[in-house]
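Worksheet: one structure, shown below.
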Amino acid sequence: MTDLTEYMKTRRSSLSLTLDPPGPDDTQLRTILHVATRVPDHGKLAPWRFELWPGPVRQKIHEDLLQLLAGLEDMPDREKQVQATRKLLHAPCVLVVISTAQAHPKIPIWEQHLSAGAACMNTLIASNSLGFEAQWLTAWYVYEDKARKILGLKDGEQIAGIIHIGTSEIAKSERPRPEIDNHFSIRES
769 MTDLTEYMKT RRSSLSLTLD PPGPDDTQLR TILHVATRVP DHGKLAPWRF ELWPGPVRQK
829 IHEDLLQLLA GLEDMPDREK QVQATRKLLH APCVLVVIST AQAHPKIPIW EQHLSAGAAC
889 MNTLIASNSL GFEAQWLTAW YVYEDKARKI LGLKDGEQIA GIIHIGTSEI AKSERPRPEI
949 DNHFSIRES
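Counting the sequence shown from 1 gives a position; our numbering is that position plus 768.
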C-alpha cells in the first residue's frame with residue numbers, strides 16, 4: 769500500500785491543453801471504466817453513466833455550444849467561456865461521467881451525486897495507473913439548461929465531469945494545498 773499512498777499524496781492532474789496522443793485504446797478504456805465503477809454506491813443503483821465523445825462528436829458539440837453562447841445575452845466573460853469550450857477539442861480522449869441520480873425512497877439524491885463524483889475520481893486514477901495523464905473539467909455549458917440537448921442529457925441527468933485523457937511530457941507543477949489542521953478537528957462532545 770505504500771506505493772498507492774505515495775501516489776495519492778503526490779497525485780496531480782495535467783492540464784487538458786497539454787494532453788496529446790496517444791490516448792487509451794479500447795482495452796485500456798474498458799479497464800478505466802471497470803475501475804471507474806468501483807465506487808461507493810449505496811443501494812447498488814449505479815447512478816451514473818459514461819459517454820465517450822470521439823473527435824467528430826466533440827467538434828459538433830463545440831460548434832453548437834459556440835452558437836448557443838453567441839445567443840446568450842447575460843453570459844459574463846464571454847471570451848473565457850469560448851476558451852473553456854475550445855478545451856473539448858484538444859485531448860485525444862474525452863470521457864464524460866453523467867450523474868443519473870433519481871428520487872429513491874431510501875437513497876438521497878445527494879449520495880447518488882457523490883457516487884458519480886467518485887466515479888470521476890476513479891477515472892483519473894485509473895488513467896494514471898495505465899500511464900496516461902488526465903484532467904477532470906466542467907465548464908459553463910454543464911450548468912446551462914439550454915445546452916442540455918447539445919450535450920445529449922436525458923431528463924434529470926447532470927454532467928458530473930468531463931475527463932480529458934492523453935499523454936503529456938510537460939512536467940506538472942505543484943500548487944498550494946490546504947493546511948490539514950485548518951480542515952480537521954476532533955470533536956470533544
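The C-beta atom is built at its ideal place from N, Cα and C for all residues, glycine as well.
Distance between beta carbons of residue j and residue i, contact taken as under 8 Å
{"i": "residue 900", "j": "residue 924", "result": "Actually they do not touch by this definition, with Cβ atoms about 31 Å apart."}
{"i": "residue 894", "j": "residue 804", "result": "6 Å"}
{"i": "residue 786", "j": "residue 936", "result": "4 Å"}
{"i": "residue 862", "j": "residue 887", "result": "Wrong, their Cβ atoms sit about 15 Å apart, outside the cutoff."}
{"i": "residue 846", "j": "residue 837", "result": "7 Å"}
{"i": "residue 856", "j": "residue 830", "result": "5 Å"}
{"i": "residue 902", "j": "residue 932", "result": "6 Å"}
{"i": "residue 800", "j": "residue 906", "result": "Residue 800 to residue 906, Cβ: 19 Å. No contact."}
Bridge-paired residues (DSSP) for residue i
{"i": "residue 934", "result": "901"}
{"i": "residue 856", "result": "Beta-bridge pairing links residue 856 to no other residue."}
{"i": "residue 908", "result": "For residue 908, which the question treats as bridged, DSSP gives no partner whatsoever."}
{"i": "residue 771", "result": "In DSSP, residue 771 forms no bridge with anything."}
{"i": "residue 863", "result": "820 and 931"}
{"i": "residue 926", "result": "867"}
{"i": "residue 788", "result": "935"}
Given residue i as reference, the closest of the options once Cα atoms are compared
{"i": "residue 815", "options": "875, 868, 913 and 793", "result": "868"}
{"i": "residue 904", "options": "930, 791, 801 and 918", "result": "930"}
{"i": "residue 917", "options": "850, 855, 833 and 856", "result": "833"}
{"i": "residue 792", "options": "780, 897, 849 and 856", "result": "897"}
{"i": "residue 945", "options": "779, 889, 772 and 908", "result": "779"}
{"i": "residue 789", "options": "858, 882 and 943", "result": "858"}
{"i": "residue 781", "options": "941, 909, 950 and 947", "result": "941"}
{"i": "residue 860", "options": "776, 823 and 796", "result": "823"}
{"i": "residue 883", "options": "807, 921, 938 and 783", "result": "807"}
{"i": "residue 809", "options": "906, 773 and 878", "result": "878"}
{"i": "residue 965", "options": "800, 902 and 908", "result": "Residue 965 lies beyond the range of the chain shown here (769 to 957); nothing can be said about it."}
{"i": "residue 811", "options": "798, 876 and 912", "result": "876"}
{"i": "residue 784", "options": "947, 825 and 851", "result": "851"}
{"i": "residue 794", "options": "911, 948, 776 and 820", "result": "820"}
{"i": "residue 827", "options": "849, 802 and 854", "result": "854"}
{"i": "residue 842", "options": "771, 772 and 914", "result": "914"}
Q. Are there three or more Cβ pairs, one per stretch, closer than 8 Å when the region 815 to 829 is compared with the region 854 to 872?
A. Segments in contact, yes.
Q) In chain order, which beta strand (DSSP E) runs of at least 3 residues are fully inside the region 803 to 860? A) Qualifying beta strand (DSSP E) stretches, in chain order: 816 to 820.
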